[in-house]
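Residues 21 to 129 in the working numbering are what the sequence shown spells out, letter by letter. Note that beta-carbon positions come from the ideal geometry of N, C-alpha and C, so glycine has one too. What follows is a single structure, written as structure tokens, with notes after it.
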Amino acid sequence: MKFDIHAFNTVVSEPKYEGYDTYLINDNNEMVDYHIYLFIVESSNVAAIICEKLPVKEGSTENYEIYEFNGNKLLDHKVVRIKPLDKNSEKFKKMVDNYVNHKYSFQTK
21 MKFDIHAFNT VVSEPKYEGY DTYLINDNNE MVDYHIYLFI VESSNVAAII CEKLPVKEGS
81 TENYEIYEFN GNKLLDHKVV RIKPLDKNSE KFKKMVDNYV NHKYSFQTK
């Protein structure tokens, strides 16, 4: 899967906790409809997105997916390959828990 600057800009243009309907790009370069909830900046170049393939199942966190990517590469190349985070990992569980409990905050600069 890949993620491009247009989908990124859609989500960050007016950040809100409920996220936006946009897309990710599969290996056949086709746009796949996704709802992207939140970007999480982990370090100066590592970021993650919490998302769910559309249609969204309200109230369920079982369908959440988290992908990590290099934010600097996204800005430089306008498209970046994203790596799925294992749903059984502690990191995945912690990120979903933090999202569900509104422990993340938005920063625009």
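F89: member of the beta strand (DSSP E) spanning 85-90, first to last residue. Buried is the label assigned to V116, since at least 16 other Cβ atoms lie within 10 Å of its Cβ. When the alpha-carbon of A67 is set against those of Y43, V76, T81, Y87, the nearest one is in Y87. Looking at the DSSP output, Y54 shares a beta bridge with T42, K73. Annotation for F28: the continuous alpha helix (DSSP H) segment containing it runs 25-32.
Distance from N29 to N65 at the Cβ level is roughly 19 Å; contact not present, criterion being Cβ atoms closer than 8 Å. Residue environment analysis places T81 among the exposed positions, since fewer than 16 neighbouring C-beta atoms fall within 10 angstroms of its C-beta.
V52 places its beta carbon less than 9 Å from that of K73. Look at K114 here: in three-state DSSP terms it is helix. Non-local beta-carbon contacts of V61 in its own chain, meaning distances under 6 Å to residues more than five positions away in sequence, involve A67 in chain order.
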